[in-house]
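Chemist: Below is the structure I would like to discuss, written out as structure tokens.
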Amino acid sequence: MGSTQLELRVILTKKFISMALAGMFVCVSNSIAQENSLNIYSARHYPTDEALYGNFSKATGIKINRVDADDAGILARLKAEGAASPADVILLVDASRLWKGEIEGLFQPVKSKLLSDAIAPQFRGKANLDGAIPWFGFSTRARVVVYNKLKVAKEEVDTYEKLGNPINNGRLCIRSGSHPYNLSLFGSVLEHLGEEKTQTWLKGMVENMARSPKGGDTDQIKGVATGECSVAVTNSYYLARLMRSEKSEDKAMMEKLGVVFPNQASWGTHVNIAGAAVAKNAKNRENAIKFLEYLASPTAQSHFADGNNEWPVAQGVSISNPALKALTGNGFKSENIPVSVVGMNQVKVQQLLDRVGFK
Ligand code: FE
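Letter by letter, the sequence shown follows residues -8 to 350 of the working numbering.
Spelled out as structure tokens, the structure:
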């Protein structure tokens, strides 16, 4: 045998061994995947969630493999992977994205009495003809207004409508209009006010901006604290996080700010959800449903409040979060339109944003 032939034979043998090993690996990983593990694609970006996953694994022996990305990244990845996707559970942090995942056929609807009993219809996707539900909200967050107490009177910002009023000219900091948190808020306002008034309102907000939309919600809060603007829109848990911070600069920042839960005298404050669905091509379907049911359990539900400063969707869950108590006192009035409707309105909202030049 010539040296070239020998090399070829060695290469082929090596290739065969590696293919065999790969085959074995696939078999082993498949059996693990089906029996003992759960693959989660998660857009939840909260460090305190580690305990949430850890407690599930401890209680069930099911190992969690997690891929972290933002909502849009996860939906794009699911689409690209198609039937080969290893994802079992999808965790997203906004109603409009959950709705998008549903209509793009990326989820498989689930029938679970436990989930249907724990989660009110307002906070879940619409059931299909078989009564199966495409996605569930597990925690809520309010979209609130913060303002500089020295420059702005509370009465000037106590409704969403007033953010578009000339009284707030040059005052407003807000993140991109196309961000899911704002698409959902604007989708809710569209539901309450109708198209014409919503367009006028959005245009008013563009005219009131202290600067072009940029950054996340915490950047808007900081913008008010530093004087870049004097009114901003944020999700409630970012505020609660700053309220619980031990850092002296965070404490000093919060001293300057007033917080309003808008529209208490009318339809109530807009509430969004973080939620989950079973992936269309889930290989570990049973484990996926188990995980969703775990998220609805009192332990996990109180974790959303105590760990990440959200509110549980399930009724009667005890929470001990001083920042949430300080924020809402005796509670607040939240809107009661189904979050799925808010998701449905996002296409229209994007058109309105383009029309009025809301970046
Ligand atoms: Fe967030």
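Where a beta carbon is used, it is the ideal one built from N, C-alpha and C, also for glycine.
Here the structure is a predicted model, which is why all the values come from computation and not from measurement.
The alpha helix (DSSP H) with G178 in it runs from where to where?
Modeler: Its alpha helix (DSSP H) spans residues 171 to 184.
Chemist: What's the gap between the Cα of S76 and the Cα of N272?
Modeler: Those two C-alpha atoms are separated by around 7 Å.
Chemist: On the three-state DSSP scale, how would you describe S203?
Modeler: Three-state result, S203: coil.
Chemist: Buried or exposed for N160, please, with buried defined as at least 16 other CB atoms from any protein chain shown within 10 angstroms of its CB.
Modeler: Exposed is the call here.
Chemist: Taking the C-alpha atoms as reference points, what is the distance between V1 and A78?
Modeler: Low per-residue confidence applies at V1: pLDDT is 42, beneath 50, and the placement is therefore not dependable enough to give any value.
Chemist: Hey, T131 and N30: beta-carbon distance below 8 Å or not?
Modeler: Cβ atoms of T131 and N30: not closer than 8 Å.
Chemist: If we count Cβ pairs, one from each stretch, closer than 8 Å, do we get three or more for the stretch 206 to 220 versus the stretch 137 to 144?
Modeler: They touch, by the three-pair rule.
Chemist: For I81, list the residues DSSP reports as bridge partners.
Modeler: Looking at the DSSP assignment, I81 forms a beta bridge with Y32, A268.
Chemist: Do three or more CB pairs link the stretch 47 to 56 to the stretch 239 to 256 at distances below 8 Å?
Modeler: Because the criterion of three Cβ pairs below 8 Å is not met, the stretch 47 to 56 and the stretch 239 to 256 do not touch.
Chemist: How many angstroms separate the CA atom of L3 from the CA atom of V80?
Modeler: Note that L3 scores a pLDDT of 41, beneath 50, so its modelled location is shaky; the value from the coordinates is reported in the next line. One C-alpha to the other measures close to 40 Å.
Chemist: Could you tell me how far apart the beta carbons of Q292 and V308 are, in whole angstroms, since I believe they sit closer than 8 Å?
Modeler: 4 Å between Cβ atoms; contact.
Chemist: By DSSP, does A133 sit in helix, in strand, or in coil?
Modeler: Residue state, collapsed to three classes: strand.
Chemist: Would the beta-carbon of N272 be found less than 7 Å away from any heavy atom of the ligand FE?
Modeler: Answer for N272: no, Cβ out of range of the ligand FE.
Chemist: Among K324, A201, N278, which one has its Cα closest to the Cα of G259?
Modeler: It is K324.
Chemist: State yes or no: is the C-beta of H36 nearer than 7 Å to some heavy atom of the ligand FE?
Modeler: H36 Cβ: within cutoff of the ligand FE.
Chemist: DSSP on N156, reduced to helix/strand/coil?
Modeler: Three-state DSSP puts N156 in coil, outside helix and strand.
Chemist: Could you check the C-alpha separation between V332 and G155 for me, to the nearest Å?
Modeler: Those two C-alpha atoms are separated by around 23 Å.
Chemist: Shorter than 7 Å, the distance from the beta carbon of V137 to the closest heavy atom of the ligand FE, or not?
Modeler: Because no heavy atom of the ligand FE lies under 7 Å away, the Cβ of V137 does not count as near it: no.
Chemist: Which residue or residues does DSSP assign as beta-bridge partners of A223?
Modeler: In the DSSP output, where bridge partners are listed per residue, A223 has V137, C164.
Chemist: Skipping 5 residues on each side, what residues in its chain have a beta carbon closer than 8 Å to that of K405?
Modeler: Here the chain covers residues -8 to 350 and nothing more, so residue 405 does not appear.
Chemist: If I follow the unbroken beta strand (DSSP E) through G249, where does it start and stop?
Modeler: Unbroken beta strand (DSSP E) run through G249: 248 to 251.
Chemist: In this structure, does DSSP put R115 in helix, strand or coil?
Modeler: Here R115 sits in strand by DSSP.
Chemist: Short check: CB of R166 to CB of G206, under 8 Å?
Modeler: Yes, the pair counts as a contact, with Cβ atoms nearer than the cut-off.
Chemist: Apart from the five residues just before and just after Y285, which ones in its own chain have a Cβ nearer than 7 Å to its Cβ?
Modeler: So the list reads F47, A291, once near-sequence residues are dropped.
Chemist: Taking 6 Å as the limit, tell me which residues put their C-beta closer than that to any heavy atom of the ligand FE, in chain order.
Modeler: The filter returns V84, N226, in chain order.
Chemist: Within this structure, are the beta carbons of L193 and S87 separated by less than 8 Å?
Modeler: Not in contact: L193 and S87 (Cβ atoms no closer than 8 Å).
Chemist: Look at the Cβ atom of F177, then the Cβ atom of V304, and state whether they are nearer than 8 Å.
Modeler: Cβ atoms of F177 and V304: not closer than 8 Å.
Chemist: With DSSP collapsed to three states, give me the class of G14.
Modeler: Per-residue confidence for G14 stands at a pLDDT of 41, beneath the threshold of 50, marking its modelled position as unreliable; the derived number appears in the next sentence. DSSP places G14 in helix when its eight states are reduced to three.
Chemist: In angstroms with no decimal places, state the Cα-to-Cα distance between A67 and A265.
Modeler: Rounded to whole angstroms, A67 to A265 spans 18 Å at the Cα level.
Chemist: Roughly how many angstroms lie between the CA atoms of E146 and S221, to the nearest whole one?
Modeler: Answer to the nearest angstrom: the Cα atoms are 14 Å apart.
Chemist: Can you name the residues that DSSP bridges to D108?
Modeler: In DSSP, D108 forms no bridge with anything.
Chemist: Are the Cβ atoms of L82 and A267 separated by less than 8 Å?
Modeler: Contact: yes.
Chemist: Let me know the secondary structure DSSP gives I65 once reduced to three states.
Modeler: Reduced to three states, the DSSP call for I65 is helix.
Chemist: Buried or exposed for R134, going by 16 or more other Cβ atoms inside 10 Å?
Modeler: Buried: at least 16 other Cβ atoms inside 10 Å.
Chemist: In terms of DSSP beta bridges, what is T260 paired with?
Modeler: Answer is S325.
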